[in-house]
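Please read the structure below before turning to the comments.
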Amino acid sequence: MISLQHLVKTYGTFTAVDDVSLDVAAGEIHGFLGPNGAGKTTTLRMIAGLLKPTSGRIIVNNHDLATEAEAAKASLGFIPDRPFIYEKLTAGEFLRFHAGLYGIDGIGVGDRVHEMLELFELGRWENELVEAFSHGMKQRLVMSAAFLHRPQSVVVDEPMVGLDPRGARLIKDVFRRMSQKGVAILMSTHTLEVAHEMCDRISIILKGRIIARGTVDELRALSGGGDAHLTEVFLKLTGGSGLQEIDEVI
Ligand SMILES: Nc1ncnc2c1ncn2[C@@H]1O[C@H](COP(=O)(O)OP(=O)(O)OP(=O)(O)O)[C@@H](O)[C@H]1O
Ligand SMILES: [Mg+2]
Numbered sequence: 003m004i005s006l007q008h009l010v011k012t013y014g015t016f017t018a019v020d021d022v023s024l025d026v027a028a029g030e031i032h033g034f035l036g037p038n039g040a041g042k043t044t045t046l047r048m049i050a051g052l053l054k055p056t057s058g059r060i061i062v063n064n065h066d067l068a069t070e071a072e073a074a075k076a077s078l079g080f081i082p083d084r085p086f087i088y089e090k091l092t093a094g095e096f097l098r099f100h101a102g103l104y105g106i107d108g109i110g111v112g113d114r115v116h117e118m119l120e121l122f123e124l125g126r127w128e129n130e131l132v133e134a135f136s137h138g139m140k141q142r143l144v145m146s147a148a149f150l151h152r153p154q155s156v157v158v159d160e161p162m163v164g165l166d167p168r169g170a171r172l173i174k175d176v177f178r179r180m181s182q183k184g185v186a187i188l189m190s191t192h193t194l195e196v197a198h199e200m201c202d203r204i205s206i207i208l209k210g211r212i213i214a215r216g217t218v219d220e221l222r223a224l225s226g227g228g229d230a231h232l233t234e235v236f237l238k239l240t241g242g243s244g245l246q247e248i249d250e251v252i
């Protein structure tokens, strides 16, 4: 589970994340939606322990990130929006290196590495250098690393960017299976079809503040009812379709 309580991040006088509270239960896939610059990545990086909150609490799998950072991080998988991978490692080496970071480099790690590479359809690339990988393959490798240590919660920043339809389907299936096993997943995305299809609940963030939360139907009701596409609901809740502005300019 992930619990954010009154989370704030300021840069000088600018507040990037403004009093965000959010709970993701075990087994839940929670969508984190919002326009560019709304504060999604900043929030997710704080959960991953890469950015220090200005104030507020972060609880990951019952561990307070401020006081039990190691236990919290050991139980979390983080998939950043722009992952860094050592290009001179092979896929297998990268995963074994990652396993070492999480202290799971003992007996059985080889099997676990194979299992994850197979799951993400990278099995035959185990001994190839990462520098030869396509964008989508790197993306899948980073995901296999994030799930390697069997985290109870996973935070993922825009997982679908640049994946081909097969890759996107694979990732959706993996996330769904992980959530069925009780993993809590918090996922930012701009792909509203993905959010609609996968997320149990969605939180919408605008200028650092959560402005709406619920199932797709609950969000529809908040935005005036009907059976509107999630894109319309999102645009209504975050302040207009933009078409009027376009008309004025044209
Ligand atoms: N180090 C920093 N210093 C100052 N401002 C920052 C810093 N990092 C982020 N910001 C600002 O915080 C705000 C939130 O950025 P963030 O990256 O969290 O947005 P986002 O919701 O992930 O957007 P996108 O959809 O484009 O990925 C932006 O206005 C950004 O410019
Ligand atoms: Mg972002």
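With the working numbering as the guide, the letters of the sequence shown map in order to residues 3 to 252. C-beta: ideal position from N, C-alpha, C; glycine also.
Glu199 CB to nearest heavy atom of ligand 1 below 8 Å: Translated into positions along the sequence shown, residue 199 becomes position 197. No, the beta carbon of Glu199 sits no closer than 8 Å to any heavy atom of ligand 1.
Ser205, enclosing beta strand (DSSP E) - first and last residue: The residue you call residue 205 lines up with position 203 of the sequence shown. Per DSSP, the continuous beta strand (DSSP E) segment holding Ser205 begins and ends at 203–208.
Spatial distance of Gly210 from Arg59 (CA atoms): Within the sequence shown, the letter at position 208 stands for residue 210. Within the sequence shown, the letter at position 57 stands for residue 59. Roughly 16 Å between the two C-alpha positions.
Length of the line joining the Cα atoms of Val218 and Leu103: Position 216 of the sequence shown, counted from the start, is the residue given in the question as residue 218. Position 101 of the sequence shown, counted from the start, is the residue given in the question as residue 103. Answer to the nearest angstrom: the Cα atoms are 38 Å apart.
Classification of Gln154 by the beta-carbon crowding that lies within 10 angstroms, buried from 16 upward: Taking the first residue of the sequence shown as 1, we reach residue 154 at position 152. Buried, by the Cβ-count rule.
Cβ pair Ala119, Gly94 closer than 9 Å: Translated into the one-based positions of the sequence shown, residue 119 becomes position 117. Translated into the one-based positions of the sequence shown, residue 94 becomes position 92. Looking at the sequence shown, residue 119 is not Ala but Leu. For the pair Leu119 and Gly94, the CB atoms are nearer than the 9 Å cut-off.
DSSP three-state assignment for Leu150, whether helix, strand or coil: One-based indexing of the sequence shown puts residue 150 at position 148. DSSP, reduced to helix, strand and coil, places Leu150 within a helical segment of the structure shown.
CB of Met162 within 9 Å of CB of Val196, strictly: As a first step, residue 162 must be located in the sequence shown, where it is residue number 160. As a first step, residue 196 must be located in the sequence shown, where it is residue number 194. Contact: yes.
Ligand 2 heavy atom lying under 8 Å from the CB of Thr233: Sequence index remark: in the sequence shown, residue 233 carries index 231 (1-based). Judged by the Cβ position, Thr233 fails to qualify as a neighbour of ligand 2 at the 8 Å threshold, every heavy atom of the ligand being at least this far.
Close beta carbons around Asn129, own chain, < 7 Å, minus the five adjacent residues each side: As a position in the sequence shown, residue 129 is number 127, starting the count at 1. Correct list, in chain order: Thr92, Gly94.
For Gly33 and Leu208, the rounded distance between their alpha carbons: On the sequence shown, residue 208 is found 206 positions in, with the first residue counted as 1. On the sequence shown, residue 33 is found 31 positions in, with the first residue counted as 1. So the alpha carbons of these two residues sit roughly 14 Å apart.
Same chain only: Cβ atoms within 6 Å of Ile61, ignoring 5 sequence neighbours per side: In the sequence shown, the residue the question calls residue 61 occupies position 59. Around Ile61: Ser5.
Thr191 burial status per 10 Å Cβ neighbour count (16 or more: buried): As a first step, residue 191 is located in the sequence shown; it is residue number 189 there, counting from the start. Classification of Thr191: buried, given that the 10 Å Cβ count is 16 or more.
Heavy atom of ligand 1 within 8 Å of His301 beta-carbon: Residue 301 lies beyond the range of the chain shown here (3 to 252); nothing can be said about it.
Collapsed DSSP secondary structure at Ala50 in the structure displayed: For this step, residue 50 is matched to residue 48 along the sequence shown. Correct three-state label for Ala50: coil.
Simplified DSSP assignment, three categories, for Phe122: Taking the sequence shown and counting its residues from 1, the one referred to as residue 122 is at position 120. Look at Phe122 here: in three-state DSSP terms it is coil, with no helix or strand label.
Residue list, Cβ distance to ligand 2 heavy atoms smaller than 7 Å: This criterion selects Lys42, Thr43, Asp83, Asp159, Glu160, Ser190.
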